[in-house]
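Visitor: Note that the protein sequences, when read in sequence, are chains A and B. For the first sequence, this note's numbering assigns the number 1010 to the initial residue and increments by one for each residue that follows. For the second sequence, this note's numbering assigns the number 72 to the initial residue and increments by one for each residue that follows. Structure in structure tokens, see below.
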Amino acid sequence: MHANFVDAPVTDLARTPAPAEVGEPARAAALLSALAQRFGESFELTPARLRSATAGRAPSADTCITCDAPQDTCASCDASDLTCNKQHDIVCIRCDEGDLTCPRDGACNLIGDIPCGRGDT
Amino acid sequence: MNTGTTTTVPVVLRATARGPGPRRRLDVRPDLRSERHRIRNVVLLITEECNLRCDYCYIRKQPRTMSEATARRSVEFLFDQAPPPPADLSITFFGGEPLLEPRLIELVHSWATARAASEGRPVTFSMTTNATLLSPRNVEMITRLDIATRLSLDGVGAAHDRHRRARAGGGSFALVQRHLERAVALPSVSVRLTVSPETAADLPASIAWLAERGFRSISFSPVIEADWTEESLAHLYRALQELHRFQAERPALRITTLGGTAQATVATGDRWGCGAARAPVAVDAEGHLYPCHRFVGYFANGPSQRIGHVDRGFDVGAREQYIAANHSSSHLGCGQGLFDDGVAPEARRCGGCSLLGVCGSNCMAVNEHMTGDPTRPAPVNRVLAQIEAAAALSATAGPELCTPTSWTPR
């Protein structure tokens, strides 16, 4: 067993304290609120707005072999790397597809600050 | 709509890196016998030394260079662990600065191509470099070996020099600039810019400058561990809006980070993450295996994140748990996602969030670095994801939704 993993019953998880500081979500919320005030509607996102804004963008019939999501959907990795981003850059430098996206065999799933080297060009 | 509000909230989303914390037992149980989980790539940290000292770099610099024996064993390990031919494989040269060790690059290339030829399968190569060592000799080598190359830059002039410092302390842009004319002709070359709070406003100008010099594939990534303030996040938001417009006017240019952002914002549902520990694995200079190169750096070669060694093979249990942790159903969520699923807040995980597709929650290395848990993203992911998604939507929904930008280079 990997030294750092605790093979504990799932029911014990609720008693496992979150390592993140309690204040972090509050800081994030304050920042988002401030940015929404500054930029107005264009910055505010709701699930309904997201669906509305992206309605009509039909996903490709092809699906990602890795996640079975529509290819256009999992092309989200281009938004990555993280930074991968998020690595905001989970993207192969040759095929420009992200870690979830490679329609060929799903093996193109590298964090984006490295090129996958596959000969997709 | 820009309200013109300039409220300043004295809030800093400060990175609070932690060591590994207690782990949860995960429900996902990957079948390691499946070809899906066999490796196809190794990221070789052929040296952990670098001629630069970029202050945000996650690799802890140390004078460790991979021995020829370890390098050769790493190549054999890839081929031994990979799916059978004709599955193609790839090797990534990483560091440190890999061009400090050009001879090792040549050797690894020769061993891998010979083994691939004997098995009748392709193997390809890639490298990330800081672009300061692209001498004519190194450029000739990269071209001859057909190594896809990613140049790690921050921008132009002061934007680059702000964080990317030489060991002696000076900026490194002058070193890079003298090589760029050669670099643009490299095979499959791309540029990756790291965006910090201090350089976010410079991003559009930097990308425009690179595009003018002929680079056609450019990506960027924020330093997620940085101290982002309202002001720097606002700069980033405006910069992304500007870049969406810039990209729309230049179809031959691919600012890859922007692609698919709008579509991604509705991409909910469980999925595998970045593939760390599954398709690629990283090998440090001493042959230890890690889920990815970032784990090597963040945890300074710590044993807790190792998943094996090229001489002894995988630690199956450790690898299995990192693979399991890389499935979105294992991710706890940041607590502030965009959910529309009727699920109780305490049960919400990343798979139900509308920002999953643009969020970095799937980077286990960053998660573990920042929260102590590879399955628990930090709230900064949520903030950056909303900035990215909102910028993409405002750009693609039409100019009426775009915030007029007053961005000017600093």
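Glycine included, each C-beta is placed from N, C-alpha and C at the ideal position. Predicted model, so just to flag it, every value in this text is computed and none were measured.
Counting C-beta neighbours from all protein chains within 10 Å, is the total for D225(B) 16 or more, i.e. buried, or is it exposed?
Guide: For this step, residue 225(B) is matched to residue 154 along the second sequence. By the C-beta density criterion, D225(B) is buried, having at least 16 other C-beta atoms within 10 angstroms.
Visitor: What separation, rounded to the nearest whole angstrom, lies between the Cα atoms of V1039(A) and N209(B)?
Guide: Locating residue 1039(A) in the first sequence gives position 30, counting from the first residue. Locating residue 209(B) in the second sequence gives position 138, counting from the first residue. In the sequence under discussion, the amino acid at residue 1039(A) is Ala, which differs from the Val named in the question. Each residue's Cα considered, the two are about 49 Å apart.
Visitor: Give the single residue among L175(B), F164(B), D126(B), T265(B) whose Cα lies nearest to the Cα of A219(B).
Guide: To locate residue 219(B), count along the second sequence from 1; it is residue 148. Of the listed residues, the one whose Cα sits closest to A219(B) is F164(B).
Visitor: Check whether the Cβ of Q457(B) lies closer than 9 Å to any Cβ atom in chain A.
Guide: Translated into positions along the second sequence, residue 457(B) becomes position 386. With 9 Å as the cut-off, Q457(B) counts as an interface residue toward chain A.
Visitor: Does V437(B) come out as helix, strand or coil in the three-state DSSP assignment?
Guide: By one-based count along the second sequence, residue 437(B) stands at place 366. The DSSP-derived three-state label of V437(B) is helix.
Visitor: Within the continuous alpha helix (DSSP H) that includes M198(B), where are the two ends?
Guide: The count along the second sequence starts at 1 and reaches residue 198(B) at position 127. Run containing M198(B): none in the alpha helix (DSSP H); it sits in the beta strand (DSSP E), 194 to 200.
Visitor: Between which two residues does the alpha helix (DSSP H) holding T365(B) run?
Guide: Taking the first residue of the second sequence as position 1, residue 365(B) is located at position 294. The residue you asked about is not Thr; residue 365(B) is Arg in the sequence shown. Start and end: 364 to 369.
Visitor: Can you look up R143(B) in the DSSP assignment and give me helix, strand or coil?
Guide: The count along the second sequence starts at 1 and reaches residue 143(B) at position 72. Reduced to three states, the DSSP call for R143(B) is helix.
Visitor: May I have a chain-ordered list of the beta strand (DSSP E) segments no shorter than 3 residues that lie completely inside the segment 289 to 316 of chain B?
Guide: none
Visitor: Consider the Cβ of P207(B): report whether some Cβ of chain A lies at a distance smaller than 9 Å.
Guide: Here the question's residue 207(B) lines up with position 136 in the second sequence. By this cut-off, P207(B) is not an interface position.
Visitor: For the 8 Å Cβ check, are there 3 or more pairs between the segment 289 to 302 of chain B and the segment 237 to 249 of chain B?
Guide: no
Visitor: With which residues is L257(B) paired in a DSSP beta bridge?
Guide: In the second sequence, residue 257(B) corresponds to position 186, counting from 1. DSSP lists no beta-bridge partner residue for L257(B).
Visitor: Under 7 Å, CB to CB, which of the residues in the segment 115 to 129 of chain B have a partner in chain A?
Guide: Result list empty, no residue passes.
Visitor: Do you know how far the Cα of R349(B) is from the Cα of H306(B)?
Guide: Walking along the second sequence from the start, residue 306(B) turns up at place 235. Walking along the second sequence from the start, residue 349(B) turns up at place 278. Computed Cα separation, rounded: 36 Å.
Visitor: Tell me C424(B)'s beta-bridge partners as DSSP assigns them.
Guide: As a first step, residue 424(B) is located in the second sequence; it is residue number 353 there, counting from the start. Paired residues: F410(B).
Visitor: Between C405(B) and chain A, is the shortest Cβ-Cβ distance under 9 Å, so that the two count as touching?
Guide: For the purposes of this step, residue 405(B) is taken as residue 334 along the second sequence, with counting starting at 1. Interface criterion met: the Cβ of C405(B) is under 9 Å from a Cβ in chain A.
Visitor: Which term fits G423(B), buried or exposed, when burial requires 16 or more other beta carbons within 10 angstroms of its beta carbon?
Guide: Taking the second sequence and counting its residues from 1, one reaches residue 423(B) at position 352. G423(B) should be labelled buried.
Visitor: Under 7 Å Cβ to Cβ from P134(B), same chain only, skipping five residues before and after it: list those, please.
Guide: Your numbering for residue 134(B) matches position 63 in the second sequence. Contacts found: E120.
Visitor: Under 8 Å, with one C-beta from each stretch per pair, do the segment 353 to 368 of chain B and the segment 125 to 133 of chain B reach the 3-pair mark?
Guide: yes
Visitor: Output the boundary residues of the alpha helix (DSSP H) element that contains T163(B).
Guide: In the second sequence, the residue the question calls residue 163(B) occupies position 92. Note, T163(B): premise wrong, no alpha helix (DSSP H); beta strand (DSSP E) at 160 to 165.
Visitor: Spell out a yes or no on whether the segment 294 to 312 of chain B and the segment 1039 to 1055 of chain A are touching, meaning 3 or more CB-CB pairs, one atom from each, closer than 8 Å.
Guide: yes
Visitor: Going by DSSP in three states, F244(B) sits in which element: helix, strand or coil?
Guide: In the second sequence, residue 244(B) corresponds to position 173, counting from 1. Helix, per DSSP.
Visitor: Is R221(B) closer than 9 Å to T203(B) when the C-beta atoms are compared?
Guide: Against the second sequence, residue 203(B) aligns to sequence position 132. Against the second sequence, residue 221(B) aligns to sequence position 150. No, these two residues do not count as a Cβ contact at 9 Å.
Visitor: Helix, strand or coil for G267(B), going by three-state DSSP, please let me know.
Guide: Taking the second sequence and counting its residues from 1, the one referred to as residue 267(B) is at position 196. Looking at the sequence shown, residue 267(B) is not Gly but Ser. Of the three classes helix, strand and coil, the one that applies to S267(B) here is coil, per DSSP.
Visitor: Can you grab the Cα-Cα spacing for the pair T151(B) / I162(B), in whole Å?
Guide: Taking the second sequence and counting its residues from 1, one reaches residue 151(B) at position 80. Taking the second sequence and counting its residues from 1, one reaches residue 162(B) at position 91. What sits at residue 151(B) in the sequence shown is Asp, not Thr. About 14 Å.
Visitor: I'd like the span of the beta strand (DSSP E) that includes A353(B), first residue to last.
Guide: Indexing the second sequence from 1 puts residue 353(B) at position 282. It spans 351 to 354 - the beta strand (DSSP E) in which A353(B) sits, taken as one unbroken run.
Visitor: Exposed or buried, what is R453(B) when buried is set at 16 or more other beta-carbons lying within 10 Å of its beta-carbon?
Guide: Residue 453(B) sits at position 382 when you count from the first residue of the second sequence. Residue environment analysis places R453(B) among the buried positions, since at least 16 neighbouring C-beta atoms fall within 10 angstroms of its C-beta.
Visitor: Could you tell me which residues DSSP pairs with S1051(A) in its beta bridges?
Guide: Stepping through the first sequence from its first residue, residue 1051(A) is reached at position 42. DSSP output for S1051(A) lists no bridge partner at all.
Visitor: Tell me whether the segment 229 to 243 of chain B and the segment 269 to 288 of chain B touch, counting them as touching only if at least three CB pairs, one residue from each stretch, are closer than 8 Å.
Guide: yes
Visitor: Between the segment 298 to 313 of chain B and chain A, which residues of the former have a C-beta closer than 7 Å to a C-beta of the latter?
Guide: E301, L304, A305, Y308
Visitor: Determine the closest residue to R104(B) out of T118(B), H380(B), A297(B), P155(B), with distance taken between C-alpha atoms.
Guide: Walking along the second sequence from the start, residue 104(B) turns up at place 33. Nearest C-alpha to R104(B): P155(B).
Visitor: From D217(B), H380(B), M441(B), pick the residue whose C-alpha is nearest to that of S145(B); which is it?
Guide: Locating residue 145(B) in the second sequence gives position 74, where the first residue counts as 1. Looking at the Cα atoms, H380(B) is the closest of the given residues.
Visitor: Return the residue from the list E459(B), I378(B), D382(B), A396(B) that minimises the CA-CA distance to G388(B).
Guide: Numbered from 1 along the second sequence, position 317 holds the residue referred to as residue 388(B). G388(B) has its Cα closest to that of I378(B), out of E459(B), I378(B), D382(B), A396(B).
Visitor: Does DSSP classify N397(B) as helix, strand or coil?
Guide: The count along the second sequence starts at 1 and reaches residue 397(B) at position 326. N397(B) falls in the coil class under three-state DSSP.
Visitor: T141(B) and T118(B) look like a contact to me (Cβ under 8 Å); what is the Cβ gap, rounded to whole Å?
Guide: Within the second sequence, the letter at position 70 stands for residue 141(B). Within the second sequence, the letter at position 47 stands for residue 118(B). At roughly 12 Å, the Cβ-Cβ gap does not stay under 8 Å, so T141(B) and T118(B) are not in contact.
Visitor: How is S223(B) classed by DSSP in three states: helix, strand or coil?
Guide: Indexing the second sequence from 1 puts residue 223(B) at position 152. The answer is strand: DSSP assigns S223(B) an E or B state.
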